[in-house]
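Data block below; observations after.
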Amino acid sequence: MPGDSMDKPNIVTCTAPVNIAVIKYWGKRNEELILPINSSLSVTLHQDQLKTTTTVATSRSFQEDRIWLNGKEEDITHPRLQSCLREIRRLTRKRRNDGVPCLDLSCLSHKVRICSVNNFPTAAGLASSAAGFACLVYTLAQVFGVEGELSGIARQGSGSACRSMYGGFVQWIMGNQDDGKDSLAQQVEPETHWPELRVLVLVASAERKPVGSTSGMQTSVETSCLLKHRAESVVPGRMAEMIEAVQKKDFPTFAELTMKDSNQFHATCLDTYPPIFYLNSVSHQIISLVHRYNGHYRDTRVAYTFDAGPNAVIFTLQQHVPEFVQVLKHFFPPETKREQFIKGLPVNHAALSEELKQTIGLEP
Ligand code: DP6
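When you read off a place in the sequence shown, starting at 1, and then add 481, the result is the number in this note's numbering.
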């Protein structure tokens, strides 16, 4: 924990998991403060899954702030990093002035060294910036001894990062103030709420995405009338329905809304001019496989969602995992990389019923 010795650095290490949006954030009304055009909702993964680990050190002997991401030094003057550093230092000063005990003010002049690593591919559409900025803000707050509402600061690093500040099911309320003070994340249900819910991450490509979320959503806001319709007329109702489905643990409704929202998000990408393609042929195969699988049971047992990349995130309930994993393995034989993300599940192909094989088009 932070202490203030003369030249010994204070060092704090924290981890933050990624979150998977089931109602997507796409589009800003204020680029600098990162204020969205619609609210969104996500599921935060467990700490031991896809995560960022960040270490922050402060010392009076450091001459300047510096940052390393996955072992490579990056530009600390990046405006979003600067916003997070500035806001944490401002909050420290404010709390101190308000009489809340926190770190000695002299530490505020100390420079920081930040070291951050992801245990999954960076910028491949797996919410790396969400975990990254959530972790950075939380770790800085620990170093400077500040607590309380921090999602508004994480939001200024990357919009989706505000949701990774909480576990479980989290909504990012868009807010309507110009200064963004009411654009914050809020936990809808804790991580213990729906223990049967499972998430499978299917890596279709670990390459960096061709169009980043920030510039992609900017072009969508400028050119897509579907996005405007979505933000104003679709998402508000969908948020309410999704919160109700989560609270009631109603999987079919949760799953259907998740798939429809992912599809609409990718439709707005196609409606963007020039169009943005995040999905590839493997993504399309996964989408049709899920629908054939659900169709076979006349029940929505599995859902997919895709962010700004071709990798699928599958939601299902524990009881359906073994069978659906076998189906996936028939279609996409495991390779080293994929195998890493289907950890702990049986490798041998369990027998699938002949009828199921026929409906989903497996070889006899
Ligand atoms: C498709 O949070 O990465 O994953 O705020 O510009 O940093 P910036 O964008 P970012 O966008 C995430 C978009 C998304 C959907 C979501 O997570 O809600």
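Just so it is clear, CB atoms sit at the ideal spot from N, CA and C, and this is done for glycine as well.
Review point. Can you check whether the CB of A666 is closer than 8 Å to the CB of W653?
Key: yes
Review point. First and last residue of the alpha helix (DSSP H) that includes L809?
Key: Run containing L809: 802-812, per the alpha helix (DSSP H) assignment.
Check your understanding: Hey, how far is the Cα of S743 from the Cα of F543?
Key -> 45 Å
**Study point:** Whole-angstrom distance between N761 and N500, CA atom to CA atom
**Key:** 22 Å
Review point. Taking the alpha-carbon positions, what's the K818 to R541 distance?
Key: With a pLDDT of 49 at K818, under the threshold of 50, the modelled position of this residue cannot be trusted; read the value that follows with caution. Cα-Cα distance, rounded: 43 Å.
Check your understanding: Which whole-angstrom value is the C-beta distance of V794 and T781, which I expect to be below 8 Å?
Key -> In fact, because the Cβ distance is near 16 Å, the residues do not count as touching under 8 Å.
**Study point:** Nearest neighbour of I504, chosen from V727, L566, N578, N599 [CA to CA]
**Key:** V727
Review point. Rounded to a whole number of angstroms, what is the C-alpha to C-alpha distance between R779 and E513?
Key: 46 Å
Exercise for review: Would you please state the rounded distance, in angstroms, between the beta carbons of V802 and R679? I believe it to be under 8 Å.
Suggested key: 5 Å
**Study point:** Beta-carbon proximity list for T700, same chain, < 6 Å, skipping 5 on both sides
**Key:** Contacts found: T753.
Practice item. Tell me whether the beta-carbon of L516 lies closer than 8 Å to the beta-carbon of I569. Key: L516 is not a Cβ neighbour of I569, given a cutoff of 8 Å.
**Study point:** Helix, strand or coil at N491 according to DSSP, with G and I counted as helix
**Key:** Residue state, collapsed to three classes: strand.
Point to revise | V716 and N519 closer than 8 Å at C-beta | key: yes
Review point. What is the residue span of the alpha helix (DSSP H) that T781 lies within?
Key: Looking at the DSSP string, T781 is not in any alpha helix (DSSP H), and its letter there is neither H nor E.
Practice item. Could you check what DSSP says for V593 in three-state terms: helix, strand or coil? Key: strand
Check your understanding: Can you name the residues that DSSP bridges to E670?
Key -> F650
Check your understanding: Distance, Cα to Cα, L631 vs T840?
Key -> 49 Å
**Study point:** Per-residue DSSP class, three states only, for A793
**Key:** strand
Check your understanding: What's the gap between the Cα of L681 and the Cα of L531?
Key -> Cα-Cα distance, rounded: 11 Å.
Point to revise | Continuous beta strand (DSSP E) assignments of at least 3 residues falling wholly in the region 533-566 | key: 547-550, 553-555
Point to revise | Inter-residue spacing [alpha-carbon to alpha-carbon] between V618 and S641 | key: 13 Å
Check your understanding: When you compare each of D659, F735, L809 to V684 by their alpha carbons, which one comes out closest?
Key -> Of D659, F735, L809, the residue nearest in Cα terms is L809.
Review point. Any heavy atom of the ligand DP6 within a distance shorter than 7 Å of the CB on D742?
Key: no
Review point. Just how far apart, CA to CA, sit P733 and E804?
Key: 18 Å
Check your understanding: In chain order, what residues of the same chain have a beta carbon less than 7 Å from the beta carbon of S764, not counting five sequence neighbours either side?
Key -> A685, F787, P791, A793
Review point. Smallest Cα separation from S521: which of L738, V806, F796, S834?
Key: L738
Point to revise | Secondary structure of K575, DSSP reduced to three states | key: helix
Point to revise | Proximal residues to T704 (C-beta, below 7 Å), its chain only, five neighbours per side dropped | key: In the same chain as T704, and ignoring 5 residues on each side of it, the C-beta atoms closer than 7 Å to its own belong to T753, Y754, in chain order.
Check your understanding: Quick one: what's got a C-beta closer than 7 Å to Q821's C-beta in the same chain, skipping five residues either side?
Key -> The predicted model places Q821 with a pLDDT of 48, which falls under 50 and marks its position as unreliable; any figure quoted below should be read in that light. Cβ within range, chain order: n/a, list empty.
**Study point:** Helix, strand or coil at I823 [DSSP, three-state]
**Key:** Confidence at I823 is low in this model, with a pLDDT of 49, below 50, so the placement of that residue is unreliable and no value is reported for it.
Check your understanding: So, are the CB atoms of A615 and S664 less than 8 Å apart?
Key -> 8 Å or more divides the Cβ of A615 from the Cβ of S664.
Practice item. Determine the closest residue to S597 out of V493, T533, A789, with distance taken between C-alpha atoms. Key: T533
Practice item. Take the Cβ of T558 as the centre, count every other Cβ of all protein chains shown within 10 Å, and call the residue buried at 16 or more, exposed below. Key: exposed
Review point. I think V651 touches S834, with their Cβ atoms under 8 Å apart; what is that distance to the nearest whole Å?
Key: That belief does not hold up - the Cβ atoms of V651 and S834 are roughly 38 Å apart, past 8 Å.
Practice item. Pick helix, strand or coil for Y619, following the three-state DSSP scheme. Key: helix
Exercise for review: Answer yes or no: do E545 and K592 have a C-beta to C-beta separation smaller than 8 Å?
Suggested key: yes
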